[in-house]
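Novice: The structure under discussion is supplied below as structure tokens; questions concerning it will follow.
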Amino acid sequence: MSNRGRRNDQINNTLDREARYVNLLDRMAEVIEALTPTTPPTPVTTTIPVHQEMSVYDRFTNERIPEFLGEPDPLKAETWIQRLKMVFAVIKCPAGDMVLYATHKLAGEAHHW
Numbered sequence: 000m001s002n003r004g005r006r007n008d009q010i011n012n013t014l015d016r017e018a019r020y021v022n023l024l025d026r027m028a029e030v031i032e033a034l035t036p037t038t039p040p041t042p043v044t045t046t047i048p049v050h051q052e053m054s055v056y057d058r059f060t061n062e063r064i065p066e067f068l069g070e071p072d073p074l075k076a077e078t079w080i081q082r083l084k085m086v087f088a089v090i091k092c093p094a095g096d097m098v099l100y101a102t103h104k105l106a107g108e109a110h111h112w
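Its first residue numbered 0, the sequence shown is counted upward by one per residue in my numbering.
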């Protein structure tokens, strides 16, 4: 067989292989298309519960800070004040409301100061 004949055979083999690949790709595309749903899937929706934020005052009252009765022991007064400061920081109480909330917890003699 001449060089030209071998060359033609190689070209024909290459063309046959390419045609088979194209045919295979076409069949794969058909299979994929058949497996693909024609209608889009229904979107999944989830409802996330909305957490209602408690007001600063509600959070303050939930802390159950004891009333201050105006006792003469300065250590008790200081402890009560430190407790208030800690709660105010945790609940992020606005500075303008701190005095109002603190006076709400005064009772007895302390309420008349």
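Backbone N, C-alpha and C fix where the C-beta goes; we use that ideal spot for every residue, glycine too. Bear in mind the structure is a predicted one, so any value in this text is a computation, not a measurement.
Reducing DSSP to helix, strand and coil, say where L74 ends up.
Specialist: L74: helix per DSSP, three-state reduction.
Novice: Determine the DSSP secondary structure at L23, reduced to helix, strand or coil.
Specialist: If DSSP states are grouped into helix, strand and coil, L23 belongs with the helices.
Novice: Excluding the 5 residues preceding and the 5 following R58 in the sequence, name in chain order all residues of the same chain whose CB lies nearer than 7 Å to its CB.
Specialist: Excluding residues within five positions, the ones whose Cβ falls inside 7 Å are I90.
Novice: Whole angstroms is fine: what's the gap from P48's alpha carbon to P93's?
Specialist: Approximately 28 Å, taken between the alpha carbons.
Novice: Who are the near neighbours of T78 in its chain, counting only those whose CB is closer than 7 Å to its CB and skipping five residues on each side?
Specialist: Hits under 7 Å: none found.
Novice: Below 8 Å on the Cβ atoms is my contact criterion, and I expect L74 with A106 to pass it. Report the Cβ-Cβ distance as a whole number of Å.
Specialist: That pair is no contact at about 19 Å.
Novice: Under DSSP, the alpha helix (DSSP H) around R58 begins and ends at which residues?
Specialist: Its alpha helix (DSSP H) spans residues V55 to N61.
Novice: Apart from the five residues just before and just after M97, which ones in its own chain have a Cβ nearer than 7 Å to its Cβ?
Specialist: Excluding residues within five positions, the ones whose Cβ falls inside 7 Å are F87.
Novice: Comparing C-alpha positions only, which one of I64, T35 and V30 sits nearest to K84?
Specialist: Nearest of I64, T35 and V30 to K84, Cα basis: I64.
Novice: Please report how far the alpha carbon of T38 lies from the alpha carbon of L14, in whole angstroms.
Specialist: In a straight line, the C-alpha of T38 is about 38 Å away from that of L14.
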